[in-house]
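Everything on this sheet refers to the single structure shown next.
Protein chains: 2
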Amino acid sequence: MNQKTNCIVAQSGGPTVAINASLSGVIKGAMQLNCFENVYGALNGITGILNHRIMNLSEKAKEDASFLSKLKITPAMYLGSCRYKLPEVTKEPEVYQQIFDFFQEMKIRAFFYIGGNDSMDTVLKLSSYGKSIDSPVVIIGIPKTIDNDLYGTDHTPGFGSAAKYVASSLLEIAHDTYIYQLKSVTIVEIMGRDAGWLTAASVLARNEYNQAPDLIYLPERDFNQEECIADVEELLKHKDNIIIAISEGIHDDKGNYISASQASNDQFGHSQLSGAGKALEYIIKDALNVKVRSVEINVLQRCGAHLSSLTDLDESVACGEKAVELSLENISGVMVCIVRETQSPYRCSIGYADISGIANEVKHVPQNFINARGNQVTSEMVDYLLPLIQGEPEIPFKNGIPDYLNISHLL
Amino acid sequence: MNQKTNCIVAQSGGPTVAINASLSGVIKGAMQLNCFENVYGALNGITGILNHRIMNLSEKAKEDASFLSKLKITPAMYLGSCRYKLPEVTKEPEVYQQIFDFFQEMKIRAFFYIGGNDSMDTVLKLSSYGKSIDSPVVIIGIPKTIDNDLYGTDHTPGFGSAAKYVASSLLEIAHDTYIYQLKSVTIVEIMGRDAGWLTAASVLARNEYNQAPDLIYLPERDFNQEECIADVEELLKHKDNIIIAISEGIHDDKGNYISASQASNDQFGHSQLSGAGKALEYIIKDALNVKVRSVEINVLQRCGAHLSSLTDLDESVACGEKAVELSLENISGVMVCIVRETQSPYRCSIGYADISGIANEVKHVPQNFINARGNQVTSEMVDYLLPLIQGEPEIPFKNGIPDYLNISHLL
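The listed protein sequences derive, respectively, from chains B and F. If you're matching positions, the first sequence starts at 383 in the numbering used here and goes up one per residue. If you're matching positions, the second sequence starts at 383 in the numbering used here and goes up one per residue.
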């Protein structure tokens, strides 16, 4: 490639706090290697390419010396997102033609798509189509998801920060809980409908004085209400305040989510009104007649950039840089991945994997990371998780709130 | 007073992230002025005095050089809390006698009680009783509450940090929201059942690119569903994503809380299942047929010490120190208060006020801090709030999570 060609990058799926770090890595990598004339960004994912809504990111970085460093710590998608799924090429080939016409018109030689499972489906489809028409455009996926459920990578960019947010919050909730001398149960509901990685990360809240969460339930095991009640009852014999971490996706052995309509005595009506945490609150209250409250760790677990993992952000930048390097080698139809080289000391390298085994798959927590009774995670899980939440980036503040990058172009 | 006497301090009510900063101020002040032989702490509020559960805080500070600095940034109550309300002295005089006997036995010359409205009731009752028996023990209240609803003080310790947490979270939720190109409404429910100060602080999320929250509803005004729906509908004509900040305590003109049972089409059953945010979610969804979600800013708004206001923590320390100074002047039956000396530059002094006009009262948001339609706060509110969230303390981290003070003595 040479300086007369350009590259384009887009972001898709749900927010994380590291997805802009990967974007900054792409821009930084392309500028340092001086391999593209312009780094364009498509607004709102692949739809920005279909609608010709693009911005010049390398120009931005040249104009503003703080652009890349601020981009690295800004949460959610600087370029906006979309939930658009590419149609099958056999059904609507004109969509593909439109995209590759755009690439040609804009002298695009590489397209980088930062996203999760669905976005990797787009990478798979576009790279297959590109091959079929002998397009010179390289298509590369860069992973991101707080769910950590992508195959092909040791862990996903964005997960470490969400894990740090969850673990730190859990510790703070423990401080909030331990102040009263009365029997109580606190249920903390954590994101991750199909994969329990993020809920498992609550285990990292434990330290020399805090053993919470006392119980951890992941969607990789069927949730048994009676066992849970028995476990809580037993714990309450020895301890006043019990804290339980549950995934939003816990379900019974028939696959039914534990939600309001599942809760005991069935007074709850509209099941959409409440999730697993609220439902379990009522189940335990009815069974044990103790004070129970539920706390939903809200969207801040995926957008609370003020509490990010520096390890995560640095790795996310490296993933973006790696994508640029791969494009120079004409490697297409792949996803950048993180390879854990050594566990102690923790050291990773950035590699890549063929996209076909990754797109549309979900990587669940392996069974040996969960104890036999399904109410704890094992030390293997802790060893896996702990390095990912290390380090704190410097977050600039202005007027008392975080000073993130201006996103008015999305409004 | 002399070095042969002691003082005792306790904490009560709900958590804030600054209540330990005030505690550290008491210990620091007493040690610097060298006016008490020991600073004792009673565990779980006034009940610790009744049950003789105390610890020696000045010893702790002498043994561990980092004790006071770590205490300053540790959330919730290091000494634990209670919800115990002192009985009327006419009904159970023996409780009072027991407390003052304990004071005499332990050579206590000053009792400092850090808390909110209910705790100030304890200060009022104890100081009145003390006067009636000519006790030499000085009784002083130190305010704290995230609700900012105490009279006698410009603002309460703990409020500025909660306000910073709410404003920063709101900005991050805006980043999370603006990524999609589709009409959506996000409702953010904030604590404060009777007073809207904390919900009002969401206004500080506005910056050069973010105008959210687009609407702000406080419990100081009756909530009118039809007006709210009309306001949202009008805003959606010009803007894709609308963010609404509401207090958990919003209510209609008959005083009924906006909760699940109030929501349209009445399918919701159990009203305890959901608060104002969830109820308004369903109300707007039914009325406007757009994507609506609700986010409850959870207990982290009161215990998320990783995002505290340095101004708040410093003032809280100063309040603790002032309490010790007042005790040396034998000033009893008062609450320490913060006096705003100048607005620009913001400068405060620490004073005190008679407890009788403070206990059991609620300071609401004044009507001129809210616009005529009751869906915005005024610039007077912004001017009042802005100085309180300035500055970020250094929070130490260990193993990827905040390194707070060990609270195993509460377990």
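By construction, the Cβ of each residue, glycine as well, lies at the ideal position given by its N, Cα and C atoms.
* C-beta atoms of residue 703/F and residue 423/F nearer than 9 Å -> Result no, Cβ atoms of residue 703/F and residue 423/F do not sit closer than 9 Å.
* Does residue 459/F get closer than 9 Å to chain B when you measure Cβ to Cβ? -> Taking Cβ atoms only, chain B reaches closer than 9 Å to residue 459/F, which makes this a yes.
* Asked: Comparing alpha-carbon positions, which option in 522/F, 482/F, 511/F, 514/F lies nearest residue 393/F?
  -> With distances taken between Cα atoms, residue 393/F lies closest to 522/F.
* Does DSSP put residue 410/B in a helix, a strand or coil? -> The answer is helix: DSSP assigns residue 410/B an H, G or I state.
* Would you list, in sequence order, the uninterrupted beta strand (DSSP E) runs of no fewer than 3 residues that lie entirely inside the stretch 582 to 649 of chain B? => DSSP runs (the beta strand (DSSP E)) wholly in the stretch 582 to 649 of chain B: 597 to 599, 623 to 629.
* **Burial state of residue 650/F, where buried means 16 or more other Cβ atoms lie within 10 Å** => Low confidence applies to residue 650/F: its pLDDT is 37, below 50, so where it sits in the model is not reliable enough to give any reading.
* To do: State the beta-bridge partners of residue 780/B as determined by DSSP.
  => Beta-bridge pairing links residue 780/B to 783/B.
* Asked: Do residue 510/B and residue 471/B have their CB atoms nearer than 9 Å?
  -> Their beta carbons are under 9 Å apart, which means residue 510/B touches residue 471/B by this criterion.
* Which residues DSSP lists as bridging residue 442/F, in chain order -> Per DSSP, none; premise fails for residue 442/F.
* **C-beta neighbour in chain B for residue 515/F, strict 9 Å** => Closer than 9 Å: no.
* Residues of its chain near residue 556/B, where Cβ-Cβ distance is below 7 Å and the 5 sequence neighbours each way are ignored -> If you ignore the 5 residues before and after residue 556/B, its C-beta comes within less than 7 Å of the C-beta of 587, 592, 594, 625, all in its own chain and listed in chain order.
* Which partner residues does residue 566/B have in the DSSP bridge list? -> In the DSSP assignment, the residues bridged to residue 566/B are 623/B, 673/B.
* To do: Identify, in the order they occur along the chain, each residue of the same chain with its Cβ nearer than 7 Å to the Cβ of residue 654/F, setting aside the five sequence neighbours on each side.
  => At residue 654/F the pLDDT is 45, less than 50, meaning the model places this residue with poor confidence; the figure from the coordinates comes in the next sentence. Within the same chain, and ignoring the five residues on either side of residue 654/F in sequence, no residue has its Cβ closer than 7 Å to its Cβ.
* Asked: Along chain F, which residues have their Cβ under 7 Å away from the Cβ of residue 779/B?
  -> Neighbours of residue 779/B on chain F, chain order: 774.
* Run through DSSP, which three-state label would residue 758/F get? -> If DSSP states are grouped into helix, strand and coil, residue 758/F belongs with coil.
* Starting from residue 718/B, trace the alpha helix (DSSP H) both ways and give me its first and last residue. => If you look at residue 718/B, you'll find it isn't in any alpha helix (DSSP H); it sits in the beta strand (DSSP E) that goes 716 to 725.
* Under a CB-based cut-off of 9 Å, is residue 462/B close to chain F? -> Residue contact with chain F for residue 462/B: present (Cβ-Cβ distance below 9 Å to some residue of chain F).
* In angstroms with no decimal places, state the Cα-to-Cα distance between residue 715/F and residue 520/F. => In a straight line, the C-alpha of residue 715/F is about 7 Å away from that of residue 520/F.
* Asked: In or out: residue 630/B buried (at least 16 other Cβ within 10 Å) or exposed?
  -> By the 10 Å Cβ count, residue 630/B comes out buried.
* To do: Using DSSP bridges, identify the partner residues of residue 729/F.
  => According to DSSP, residue pairing for residue 729/F in a beta bridge involves 724/F.
* To do: Using only alpha-carbon positions, find the residue among 597/F, 516/F, 686/F, 691/F that is nearest to residue 486/F.
  => Ranked by Cα distance from residue 486/F, the first of 597/F, 516/F, 686/F, 691/F is 516/F.
* **Residues bridged to residue 678/F [DSSP beta-bridge criterion]** => Bridge partners of residue 678/F according to DSSP: 571/F.
* What is the DSSP secondary structure of residue 477/B, counted as helix, strand or coil? -> If DSSP states are grouped into helix, strand and coil, residue 477/B belongs with the helices.
* To do: Measuring only between beta-carbons, confirm whether residue 590/F sits less than 9 Å from chain B.
  => When Cβ-Cβ separations below 9 Å define contact, residue 590/F makes contact with chain B.
* Asked: Would DSSP call residue 536/B helix, strand or coil?
  -> Coil, per DSSP.
* In terms of residues, what are the limits of the alpha helix (DSSP H) holding residue 449/F? -> Under the DSSP assignment, residue 449/F falls in the alpha helix (DSSP H) whose first and last residues are 449 to 455.
* Report the rounded CA-to-CA distance for residue 566/F versus residue 610/F, giving the unit in angstroms. => Residue 566/F and residue 610/F have their C-alpha atoms some 15 Å from each other.
* To do: Quick one: list the residues of chain B neighbouring residue 789/F, beta-carbon separation under 9 Å, in chain order.
  => Under the 9 Å cutoff, chain B gives 556, 557, 560, 561, 591, 592.
* **Between the CA atoms of residue 734/F and residue 773/F - distance to the nearest angstrom** => A direct Cα-to-Cα measurement between residue 773/F and residue 734/F gives close to 25 Å.
* Reducing DSSP to helix, strand and coil, say where residue 541/B ends up. => Residue 541/B: helix per DSSP, three-state reduction.
* Taking contact to mean at least 3 C-beta pairs separated by less than 8 Å, is the stretch 525 to 537 of chain B in contact with the stretch 576 to 585 of chain B? -> At 8 Å Cβ cutoff, the stretches touch.
* To do: For the beta strand (DSSP E) containing residue 388/F, list its first residue and its last residue.
  => Per DSSP, residue 388/F belongs to the beta strand (DSSP E) from 388 to 393.
* Residue span of the beta strand (DSSP E) that contains residue 523/F, given as start and end -> Start and end: 520 to 525.
* Just how far apart, CA to CA, sit residue 419/F and residue 524/F? -> Rounded to the nearest angstrom, the two C-alpha atoms are 21 Å apart.
* Taking only the alpha-carbon atoms, compute the straight-line gap between residue 527/F and residue 552/B and give it to the nearest angstrom. => Note on geometry: alpha-carbon atoms of residue 527/F and residue 552/B lie some 22 Å from one another.
* Interface flag, residue 755/F vs chain B, CB-CB below 9 Å -> Not a single C-beta of chain B is nearer than 9 Å to the C-beta of residue 755/F.
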